[in-house]
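Protein sequence lines, in the order shown, are assigned to chains A and B. Offset between the first sequence (1-based) and our numbering: plus 223. Offset between the second sequence (1-based) and our numbering: plus 223. Even glycine gets a Cβ: it sits at the ideal position worked out from N, Cα and C.
Number of protein chains: 2
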Amino acid sequence: MGTVTKALELLNLFTKGRPLIGLSDLARLADLNKATCYRLISELCDFGLVEQIGTAREYRLGPAVLRLSALREAQVPTREAAMPVLQALAQKTGETAHLSLLMGSELHTLGFAYSTGHMTRVTMEDAEVLPFHATSSGLVVLAFQPEAFRETVLAQPIPRLTGRTETAPQALRARLAEVRGQGFAESRGAFQAEVHSIAVPLFDALGRCTGAVAVAALASRMSEDQRRLIRFALASAGSEITSLWGGTLPADIATLWRLAA
Amino acid sequence: MGTVTKALELLNLFTKGRPLIGLSDLARLADLNKATCYRLISELCDFGLVEQIGTAREYRLGPAVLRLSALREAQVPTREAAMPVLQALAQKTGETAHLSLLMGSELHTLGFAYSTGHMTRVTMEDAEVLPFHATSSGLVVLAFQPEAFRETVLAQPIPRLTGRTETAPQALRARLAEVRGQGFAESRGAFQAEVHSIAVPLFDALGRCTGAVAVAALASRMSEDQRRLIRFALASAGSEITSLWGGTLPADIATLWRLAA
DNA sequence: AACCATCGGTTCAAATAATAAACCGACAAG
DNA sequence: CTTGTCGGTTTATTATTTGAACCGATGGTT
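Pasting the structure below:
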């Protein structure tokens with residue numbers, strides 16, 4: 224593994240739940256020698272991707288990420304373009320809408336929007352990792368990846384997250400084939416027990432699936448009528464975001480979505 | 224220089240004006256061997272910090288920067304916290320307000336707000352580099368850096384950008400001392416000929432100056448009254464942002480700003 | 001106070017990973 | 001058909017990275 228990759232993996236150790244990390248912890252978490260870790264994190268620090276704060280000298284993500292993000296959004300307004308669609312989707316369905324993007328080999332939440340319609344709602348966090356096998360977004364993105372990628376994911380440990388999580392690779396393969404045939408995916412409490420969600424895939428200019436948009440609702444509110452409404456709204460949001468991104472919807476998906484409507 | 228730093232410097236080559244770069248260009252710009260450059264950019268690509276697009280296989284900043292930025296803002300809402308203050312500042316002064324942050328050894332624009340008061344305005348770009356010697360933000364940030372940093376900057380080539388750009392290191396040193404004595408800095412057409420601007424420093428929790436907030440106006444509108452108004456609004460915005468960031472205003476600055484008001 | 005563990009950071013010989021130059025096939029212009 | 005460029009690959013050589021031991025500082029325990 225290259226030195227650069229090792230350094231970048233240090234960045235992945237910073238999460239919502241663990242925003243500050245000391246040098247020794249960092250070395251342990253990354254399974255690196257302390258000296259190595261120190262050199263790497265120092266270089267990240269010099270660049271501003273991480274910064275060191277306080278008396279405990281802990282590290283956290285630095286301001287340079289903001290600058291890079293501003294540049295990226297100026298060129299490719301991925302998040303900015305999708306957010307209004309997401310908000311409209313949340314409003315139309317009365318539930319929580321969220322957007323996720325495939326980054327490397329992980330699916331990350333990039334943004335979400337709440338509805339003002341109900342007192343209870345599914346809450347989300349930005350920048351969290353979504354498991355491929357247990358979320359509607361994960362399933363739908365995985366379903367539309369090249370087979371090699373699918374098998375790599377299925378070859379990894381598949382944790383049971385709730386009583387309704389499917390963990391058998393063979394069953395998941397069948398599930399993914401079904402998703403490809405439908406043009407959307409559904410999760411019924413496989414990630415969090417009370418949450419049902421439906422997701423549709425998003426595509427880039429080369430027709431590759433690079434993310435998903437989903438609606439997550441409390442299980443108790445997910446009637447058959449509501450399901451239909453959500454699927455319809457999702458199909459429309461999915462084509463809109465794909466088009467805003469300059470992507471192209473594969474012809475078969477467009478057909479599937481038209482039929483569903 | 225470490226391998227990681229070399230890789231990260233590749234990221235700095237992507238700018239507003241040059242968002243897409245091919246492998247050979249990248250190697251030339253970074254002054255790296257093509258093979259070296261390929262390895263480095265590939266690792267950045269694998270991580271998602273950079274992505275490769277189109278038929279020409281050019282590279283651009285990738286989606287991972289969005290995720291990191293979302294994490295950072297969740298922990299330290301630098302930009303998000305400052306933007307409302309910036310908007311109020313633009314409204315109050317009738318001119319363009321902007322925020323810049325010291326990242327590594329460069330000062331970058333992090334955000335800006337326009338006033339709706341005039342038909343003409345100073346326009347800004349996100350994520351652009353501000354020269355230390357020719358902008359009010361640059362001068363004020365440089366003035367409050369440790370001497371070693373100041374001298375490093377002054378030792379570098381100092382380009383003349385307009386007819387009114389001061390380029391003599393000795394004169395700049397005197398200018399910086401004056402800025403320290405005033406608690407704010409002013410640029411009269413030293414960056415762009417028709418633009419006058421005034422800036423105040425921002426401080427972190429350890430009392431280090433990490434950025435600046437500035438108001439940029441067309442020279443023709445910069446009367447003595449307007450100057451006073453802007454200085455007053457800036458002092459208030461400066462303390463507000465510093466405090467929102469959890470920073471502490473050095474006592475002497477607080478005094479200077481009180482006197483000016 | 002003495003002890004012990006841990007912290008962030010440093011040192012230096014030994015091991016490993018990065019590098020430069022040459023090369024590849026593909027493409028485009030002349 | 002030559003010439004130059006592109007993105008990408010290969011290889012022996014070289015320089016960087018690495019690991020273990022070591023610092024002084026800090027803070028809790030006996």
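Worksheet entry | Distance between beta carbons of F270/B and L231/A, contact taken as under 8 Å | The count along the first sequence starts at 1 and reaches residue 231/A at position 8. The count along the second sequence starts at 1 and reaches residue 270/B at position 47. That pair is a contact at about 4 Å.
Practice prompt. May I have the straight-line CA-CA distance separating T346/A from R373/B, to the nearest angstrom?
Written response: As a first step, residue 346/A must be located in the first sequence, where it is residue number 123. As a first step, residue 373/B must be located in the second sequence, where it is residue number 150. Here the C-alpha atom of T346/A lies approximately 47 Å from the C-alpha atom of R373/B.
Worksheet item: Counting only beta-carbon atoms, is V364/B nearer than 9 Å to chain A?
Response: To locate residue 364/B, count along the second sequence from 1; it is residue 141. Not one chain A Cβ lies under 9 Å of V364/B.
Worksheet item: Of all the CB atoms in chain A, is at least one closer than 9 Å to the CB of H331/B?
Response: The sequence position of residue 331/B within the second sequence is 108, counting from 1. So yes, H331/B belongs to the interface.
Discussion item. In the DSSP assignment, the beta strand (DSSP E) including Q283/A goes from what residue to what residue?
Written reply: The residue given as residue 283/A occupies position 60 in the first sequence. What sits at residue 283/A in the sequence shown is Arg, not Gln. Counting along the chain, the beta strand (DSSP E) containing R283/A begins and ends at 281 to 284.
Worksheet entry | Cut-off 6 Å between Cβ atoms - residues of its own chain near H356/B, not counting five sequence neighbours on either side | Numbered from its first residue, the second sequence carries residue 356/B at position 133. Around H356/B: I381, L395.
Worksheet item: Listed from N- to C-terminal order along the chain, which residues in the segment 248 to 275 of chain B have their beta-carbon within a distance smaller than 8 Å of any beta-carbon of chain A?
Response: R262, L263, E266, L267, D269, F270, G271, L272
Worksheet entry | Beta-carbon contacts of R454/B that lie in its chain and below 7 Å, excluding the five residues immediately before and after | Counted from its first residue, the second sequence places residue 454/B at position 231. Here the set comprises F407, I421, A483.
Discussion item. I want to see whether chain A comes within less than 9 Å of A371/B, judged by CB atoms only; does it?
Written reply: Looking up residue 371/B in the second sequence gives position 148. No, A371/B lies away from the interface with chain A (no Cβ there is under 9 Å from its Cβ).
Worksheet item: What whole-angstrom Cβ distance do S462/B and L472/B have, given they're in contact under 8 Å?
Response: Counted from its first residue, the second sequence places residue 462/B at position 239. Counted from its first residue, the second sequence places residue 472/B at position 249. That belief holds up - the Cβ atoms of S462/B and L472/B are roughly 6 Å apart, short of 8 Å.
Worksheet item: If we call anything under 9 Å between Cβ atoms a contact, is L333/B one with T301/B?
Response: Within the second sequence, numbered from 1, the residue matching residue 333/B stands at position 110. Within the second sequence, numbered from 1, the residue matching residue 301/B stands at position 78. Going by C-beta atoms, L333/B is nearer than 9 Å to T301/B.
Practice prompt. Report the neighbours of L284/B on chain A: residues whose CB is nearer than 9 Å to its CB, in chain order.
Written response: Translated into positions along the second sequence, residue 284/B becomes position 61. Ordered by position in chain A, the residues that pass the 9 Å Cβ test against L284/B are L291, S292, L294, R295, Q298, V299.
Discussion item. Looking only at its chain, what residues have a beta carbon closer than 8 Å to the beta carbon of A417/B, apart from the 5 residues adjacent to it on each side?
Written reply: In the second sequence, the residue the question calls residue 417/B occupies position 194. The displayed chain sequence assigns Glu, not Ala, to residue 417/B. Residues of the same chain with a CB within less than 8 Å of the CB of E417/B, apart from the 5 flanking positions on each side, are L441, A442, S443 in chain order.
Worksheet item: Do we get a CB-CB distance below 9 Å when we pair L231/A with the residues of chain B?
Response: As a working note, residue 231/A is residue 8 in the first sequence. Cβ-Cβ to chain B under 9 Å: yes for L231/A.
Worksheet item: Which one of L243/A, V288/A, R387/A has the shortest CA to CA distance from L324/B?
Response: If you number the second sequence from 1, residue 324/B lands on position 101. Of the candidates L243/A, V288/A, R387/A, the one whose C-alpha sits nearest the C-alpha of L324/B is V288/A.
Practice prompt. State the start and end residues of the unbroken beta strand (DSSP E) segment that holds S323/B.
Written response: Residue numbering aside, residue 323/B sits at position 100 when the second sequence is read from its first letter. For S323/B, the enclosing beta strand (DSSP E) covers residues 319 to 326.
Discussion item. I'd like to confirm the pairing. Which residues does DSSP put opposite F426/B in its beta bridges?
Written reply: Working through the second sequence from its first residue, we reach residue 426/B at position 203. C432/B, per the DSSP bridge assignment.
Worksheet item: Shorter than 9 Å from the beta carbon of P242/A to some beta carbon of chain B?
Response: Against the first sequence, residue 242/A aligns to sequence position 19. P242/A counts as touching chain B.
Worksheet entry | V288/B: contacting residues in chain A (beta-carbon distance under 7 Å) | Within the second sequence, the letter at position 65 stands for residue 288/B. Neighbours of V288/B on chain A, chain order: V288, L291, S292, R295.
Worksheet entry | C-alpha distance - K239/A paired with L294/B, whole-angstrom precision | Along the first sequence, read from residue 1 onward, the residue named residue 239/A stands at position 16. Along the second sequence, read from residue 1 onward, the residue named residue 294/B stands at position 71. If you draw a straight line from the Cα of K239/A to the Cα of L294/B, it is about 7 Å long.
Discussion item. Suppose you measure from the CA of S265/B to the CA of Q275/B; what does that come to, to the nearest Å?
Written reply: As a position in the second sequence, residue 265/B is number 42, starting the count at 1. As a position in the second sequence, residue 275/B is number 52, starting the count at 1. Distance between the alpha carbons of S265/B and Q275/B is about 9 Å.
Worksheet entry | Cβ shell of V503/B (< 7 Å), same chain only, five flanking positions each side left out | Here chain B comprises residues numbered 224 to 484, so residue 503/B is not present and cannot be evaluated.
Worksheet item: Should T238/A be flagged as near chain B, meaning a C-beta pair shorter than 9 Å?
Response: Taking the first residue of the first sequence as position 1, residue 238/A is located at position 15. Output row for T238/A: interface = yes.
Item to complete: Check R383/B in the structure and name its three-state DSSP category.
Response: Position 160 of the second sequence, counted from the start, is the residue given in the question as residue 383/B. Coil, per DSSP.
Worksheet item: Which residues share a DSSP beta bridge with I264/B?
Response: Stepping through the second sequence from its first residue, residue 264/B is reached at position 41. DSSP output for I264/B lists no bridge partner at all.
Worksheet item: Can the beta-carbon of L291/A be found closer than 9 Å to that of L272/B?
Response: In the first sequence, the residue the question calls residue 291/A occupies position 68. In the second sequence, the residue the question calls residue 272/B occupies position 49. The Cβ-Cβ distance between L291/A and L272/B falls below 9 Å.
Practice prompt. Helix, strand or coil for Q314/A, going by three-state DSSP, please let me know.
Written response: As a working note, residue 314/A is residue 91 in the first sequence. Residue state, collapsed to three classes: helix.
Practice prompt. Look at the alpha carbon of V497/B and the alpha carbon of R450/A, and state the distance between them as a whole number of angstroms.
Written response: Residue 497/B is absent from the structure shown; chain B starts at 224 and stops at 484.
Item to complete: State yes or no: is the beta carbon of V227/B nearer than 9 Å to at least one beta carbon in chain A?
Response: By one-based count along the second sequence, residue 227/B stands at place 4. Yes, because at least one Cβ of chain A sits closer than 9 Å to the Cβ of V227/B.
Discussion item. Determine whether the beta carbon atoms of V436/A and L425/A lie at a separation below 9 Å.
Written reply: In the first sequence, the residue the question calls residue 436/A occupies position 213. In the first sequence, the residue the question calls residue 425/A occupies position 202. The answer is yes: Cβ separation under 9 Å.
Discussion item. Below 8 Å on C-beta distance, what does R302/A contact in chain B?
Written reply: Here the question's residue 302/A lines up with position 79 in the first sequence. Per Cβ cutoff of 8 Å: L289.
Discussion item. If you reduce the DSSP assignment to three classes, tell me which class R344/B lands in.
Written reply: Locating residue 344/B in the second sequence gives position 121, counting from the first residue. The answer is coil: DSSP assigns R344/B none of H, G, I, E or B.
Fill in: S343/A versus R403/A - alpha carbon distance
In the first sequence, counting from the first residue as 1, residue 343/A sits at position 120. In the first sequence, counting from the first residue as 1, residue 403/A sits at position 180. The sequence shown places Thr at residue 343/A, rather than the Ser named in the question. Each residue's Cα considered, the two are about 32 Å apart.
Worksheet item: Counting only beta-carbon atoms, is M326/A nearer than 9 Å to chain B?
Response: Position 103 of the first sequence, counting from 1, holds the residue named residue 326/A. M326/A counts as touching chain B.
Item to complete: Using a threshold of 9 Å, state whether the C-beta atoms of L493/A and C260/A are closer than that.
Response: The displayed coordinates of chain A run from 224 to 484. Any statement about residue 493/A would go beyond what the structure contains.
Worksheet item: Within 9 Å (strictly less), CB to CB, does E348/A reach chain B?
Response: Within the first sequence, residue 348/A is the residue found at index 125, counting from 1. With 9 Å as the cut-off, E348/A counts as an interface residue toward chain B.
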